[in-house]
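K.L.:
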Amino acid sequence: MQAAWIIIKKALTPGLLALCFLWANSASAKCGGVDYSWGADALAKQHDFVVTMMLYVLYLIYAIASLVVIYASLQIYIKMNTGEDGVKKEIMMVLGACLFLIGASTVFPAFFGYRI
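Residue numbers (my numbering): 56 to 171.
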């Protein structure tokens with residue numbers, strides 16, 4: 056049984072190799088005659104879609120950030136009342152997260168040249 060597979064493999068390998076070479080040549084022969092102007096409208100449409108979605112994503116980030124701040128503030132309040140350690144660390148982490156989200160929502164669109 057194994058000998059039969061070896062014979063089939065040896066018989067098919069040159070044919071498959073030749074087929075791959077011919078297939079690649081036929082695909083590369085079409086490169087010069089393709090008209091890409093039809094993609095400009097689709098690209099402009101996707102650009103408008105991304106810019107529109109950027110505003111919604113920004114609002115979503117603000118909503119998530121506000122929920123995280125409320126949760127973290129309650130955690131800090133509970134820690135302060137029970138007298139646990141690490142209250143200062145928690146406050147600094149919440150402030151750092153808020154500054155990052157505000158900075159990211161301002162800097163990232165400006166980096167790509169958009170104004171929101």
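Cβ atoms here follow ideal geometry from the backbone N, Cα and C, with glycine treated the same way.
Can you give the Cα-Cα distance for F163 and Y132, rounded to whole angstroms?
P.N.:
Going by the C-alpha atoms only, they are around 33 Å apart.
K.L.:
Quick one: residues in its chain with C-beta nearer than 7 Å to the C-beta of S160, no 5 flanking neighbours on either side, listed in chain order?
P.N.:
Answer for S160: L113, I116, listed in chain order.
K.L.:
A165 and V149 look like a contact to me (Cβ under 8 Å); what is the Cβ gap, rounded to whole Å?
P.N.:
The pair is not a contact, with the Cβ atoms about 25 Å apart (cut-off 8 Å).
K.L.:
Going by DSSP in three states, Y132 sits in which element: helix, strand or coil?
P.N.:
If DSSP states are grouped into helix, strand and coil, Y132 belongs with the helices.
K.L.:
So V142 and M135 are supposed to be a Cβ contact under 8 Å. How far apart are they, rounded?
P.N.:
At roughly 6 Å, the Cβ-Cβ gap stays under 8 Å, so V142 and M135 are in contact.
K.L.:
Rounding to the nearest angstrom, what Cα-Cα distance links E139 and L129 in this structure?
P.N.:
About 14 Å.
K.L.:
Among residues of its own chain, excluding the 5 on either side of I146, which ones have a beta-carbon nearer than 7 Å to its beta-carbon?
P.N.:
I131.
K.L.:
Grab the span of the alpha helix (DSSP H) containing G168 for me, first residue to last.
P.N.:
Element bounds for G168: n/a, residue is neither H nor E.
K.L.:
Is the distance from the Cβ of C153 to the Cβ of A120 below 8 Å?
P.N.:
For C153 and A120, yes; Cβs fall inside 8 Å.
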